[in-house]
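Trainee: Okay, handing you the structure first.
Protein chains: 2
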Amino acid sequence: MEALFQYFRKFSPLSKEAEKAIAEISSMVTIKKNNDLQPIGHTCKTIYFIKKGVARIYYFKDGIDITERFFFENSIIARVESLFTGKPSRKAIQILEDAEVVAINSNQLFKLYDDYPEIERLFRKIFESAYVETVNRIEGIQFHSAEERYNALLHEAPDVLMRVPLKYVASYLGITQVSLSRIRGHR
Amino acid sequence: MEALFQYFRKFSPLSKEAEKAIAEISSMVTIKKNNDLQPIGHTCKTIYFIKKGVARIYYFKDGIDITERFFFENSIIARVESLFTGKPSRKAIQILEDAEVVAINSNQLFKLYDDYPEIERLFRKIFESAYVETVNRIEGIQFHSAEERYNALLHEAPDVLMRVPLKYVASYLGITQVSLSRIRGHR
DNA sequence: GTAATTATTTATCTTATGATAAAGGATTGG
DNA sequence: CCAATCCTTTATCATAAGATAAATAATTAC
């Protein structure tokens with residue numbers, strides 16, 4: 001739990017009471033590799049913080065498994081397109097390395113926003129920052145060849161290639177596994 | 188200005204004082220087609236609301252003009268990767284049809300957050316919603332052929348194809364203008 | 001209204017990536 | 001520790017999209 005509060009401090013300081021209020025609506029979850037932390041079709045009512053492990057958000061498009069994003073230690077995961085709309089998510093969260101996560105109940109969290117503007121501010125900043133990352137990602141996708149995208153990933157997030165099966169990386173890069181393998185062979 | 192407050196109401200109600208406070212830090216701007224509302228290299232300190240007209244955010248990648256997104260009436264524009272980080276933006280906002288926009292000073296707006304939690308909440312919701320749109324857009328890009336992306340645009344936002352030069356649409360779709368023309372010829 | 005500029009289309013050729021199949025490696029469960 | 005499964009690579013062929021050039025169409029400025 002302390003790791004979570006330390007993560008929060010990068011965005012915005014919280015009072016002790018606010019930390020306590022968040023602790024009260026949170027719980028620790030341990031989950032093994034290859035399991036879904038949240039299934040497809042479920043409305044997102046939990047914001048997770050990864051203390052240990054690796055996860056991905058994925059979905060199926062025309063029957064093909066597509067990875068939307070990877071998540072590592074010290075990051076927040078949520079299927080925002082469900083969390084912020086209240087609609088069921090077509091995406092799932094899968095654990096790729098045995099994980100310990102903090103689960104924060106989002107409905108209760110949103111209620112805390114009324115009593116603790118500092119908590120609302122904190123999460124505003126967290127999601128603003130996630131929004132910026134997402135906008136930057138689009139820039140990385142538009143108008144780059146598969147090979148350029150692979151090299152960028154190799155350079156910016158070698159962790160992904162070390163800790164995640166390549167078949168998941170391929171769809172993240174928007175290519176087939178076979179193409180990824182071919183690109184990797186080019187050296 | 189009333190159009191702006193009406194837009195706000197879709198997200199979260201504001202008290203009269205809060206509306207007044209926002210009005211005080213805002214101004215109306217009229218700007219002609221093909222002009223940059225904000226140039227490349229400028230740190231984003233303004234959030235715009237389009238009352239009338241069309242705009243796009245664009246940047247240069249290896250000397251090529253790339254459109255990140257289009258904006259129409261009744262929407263908020265900001266280069267969030269600069270607004271939320273304080274870093275200069277490599278992107279510009281260009282007007283594509285003579286426009287009237289409301290310019291909200293973001294530094295003053297962020298100060299209002301302290302006195303008016305309702306304003307912080309409103310903009311939190313506005314940007315959460317923009318974040319969701321951006322996440323959904325990635326889904327539309329990953330693993331779709333250029334033709335599928337064109338058809339999706341034709342179906343979901345025919346406005347873009349009616350009101351925007353195709354050369355800007357091509358880079359938005361992540362293809363060359365020549366490819367877009369070829370795809371359009373396929374019927 | 002006309003010339004000049006800019007936008008769009010069409011054509012040709014090349015190349016990157018998809019689809020499919022199959023072989024080789026690695027991991028996992030009993 | 002072995003068998004079964006799953007992951008990754010390699011090979012072949014087909015196709016979508018890039019690059020370039022040039023023709024046509026539309027818009028803009030004078």
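Residue numbers (the numbering used here), protein chains in the order written: chain A, 1 to 187; chain B, 188 to 374. Where is the CB? At the ideal position from N, CA and C, for every residue including glycine.
(1) For a contact meaning CB atoms closer than 8 Å, what does P304/B contact in chain A?
(2) Could you check whether the Cβ of F60/A sits closer than 8 Å to any Cβ belonging to chain B?
(3) Return the chain-ordered list of same chain residues with a C-beta closer than 7 Å to the C-beta of Y58/A, the five sequence neighbours on each side being excluded.
(4) What does E206/B reach in chain A if we use C-beta pairs closer than 7 Å?
(5) Between which two residues does the alpha helix (DSSP H) carrying R79/A extend?
(6) CB I50/A to CB N74/A, shorter than 8 Å?
(7) Looking at N294/B: is its Cβ nearer than 8 Å to the Cβ of K232/B?
(8) Verify whether the separation of the beta carbon atoms of I328/B and A286/B is less than 8 Å.
(9) Put Y48/A into one of helix, strand or coil per three-state DSSP.
(10) Output the boundary residues of the alpha helix (DSSP H) element that contains E260/B.
(11) Identify the contact partners of Q281/B in chain A, using a Cβ-Cβ distance below 7 Å as the criterion.
(12) In whole angstroms, give me the CA-to-CA distance for A23/A and M349/B.
(13) Any beta-carbon of chain B closer than 8 Å to the one on F143/A?
(14) Pick out whichever of S358/B, R369/B, L283/B and E315/B has its Cα sitting closest to the Cα of G250/B.
(15) Quick check: what's the CA-CA separation for E118/A versus S145/A?
(16) Is there a Cβ of chain A sitting closer than 8 Å to that of V319/B, yes or no?
(17) How far does the beta strand (DSSP E) with M215/B in it extend, from its first residue to its last?
(18) So for R184/A, helix, strand or coil by DSSP?
(19) Please classify K362/B: does DSSP put it in a helix, a strand, or coil?
(20) With a threshold of 8 Å between beta carbons, is S190/A in contact with chain B?
(21) At which residues does the beta strand (DSSP E) containing N105/A begin and terminate?
(22) Identify the contact partners of I264/B in chain A, using a Cβ-Cβ distance below 7 Å as the criterion.
(23) Decide if F127/A is buried, meaning its Cβ has at least 16 other Cβ atoms within 10 Å, or exposed.
(24) Determine the closest residue to T272/B out of E139/A, E133/A and K33/A, with distance taken between C-alpha atoms.
(25) Between the alpha carbons of E334/B and H373/B, how many angstroms are there, rounded?
(26) Which residue wins for smallest C-alpha separation from A157/A, given the options F72/A, F143/A, R182/A and L109/A?
(27) Let me see if you follow: with CB-CB separation under 8 Å, is V351/B close to chain A or not?
(28) Closer than 8 Å, CB to CB, is I66/A near chain B or not?
(29) So if DSSP puts D249/B in a beta bridge, which residue, or which two residues, is it bridged to?
(30) Figure out for me which residue from S27/A, F60/A and I175/A has the closest Cα to the Cα of V102/A.
(31) Relative to the C-alpha of L166/A, which residue among S181/A, A152/A and H155/A is closest?
(32) Please report the residue range of the alpha helix (DSSP H) in which Q6/A lies.
(33) Go through its chain and collect everything with a Cβ distance to S202/B's Cβ below 7 Å, but skip five positions before and after it.
(34) Taking its Cβ as the centre, do 16 or more other Cβ atoms sit within 10 Å of A78/A, making it buried, or is it exposed?
(35) Would you kindly report the start and end of the unbroken beta strand (DSSP E) that includes L224/B?
(36) Per DSSP, what are the beta-bridge partners of A55/A in this structure?
Mentor: So, to answer that:
(1) The contacting residues are P117 and E120.
(2) no
(3) Only D65, I66, T67, E68, K91, A92 and Q94 meet the Cβ criterion.
(4) What E206/B touches in chain A: nothing, since even the nearest Cβ is about 20 Å away.
(5) R79/A -> no alpha helix (DSSP H), and no H or E assigned at all.
(6) yes
(7) yes
(8) no
(9) strand
(10) First-last for E260/B: undefined, no H or E at that position.
(11) The contacting residues do not exist; Q281/B stays about 17 Å from chain A at best.
(12) 52 Å
(13) yes
(14) Comparing Cα-Cα distances from G250/B to each of S358/B, R369/B, L283/B and E315/B, the minimum goes to S358/B.
(15) 43 Å
(16) Judged by the 8 Å Cβ criterion, V319/B is in contact with chain A.
(17) S213 to I218
(18) It is helical.
(19) The displayed chain sequence assigns Ile, not Lys, to residue 362/B. Three-state DSSP puts I362/B in coil, outside helix and strand.
(20) Chain A is shown from 1 up to 187; residue 190/A falls before or after that span and cannot be answered.
(21) K91 to N105
(22) Near I264/B there are no residues of chain A at all, since even the closest Cβ is about 13 Å away, more than 7 Å.
(23) buried
(24) E133/A
(25) 9 Å
(26) F72/A
(27) no
(28) yes
(29) Note: D249/B sits in no beta bridge, so no partner.
(30) That would be S27/A, whose Cα lies nearest to the Cα of V102/A.
(31) S181/A
(32) It spans E2 to R9 - the alpha helix (DSSP H) in which Q6/A sits, taken as one unbroken run.
(33) Cβ neighbours of S202/B beyond the five flanking positions: E305.
(34) buried
(35) D223 to Q225
(36) DSSP lists F71/A and I95/A as partners of A55/A.
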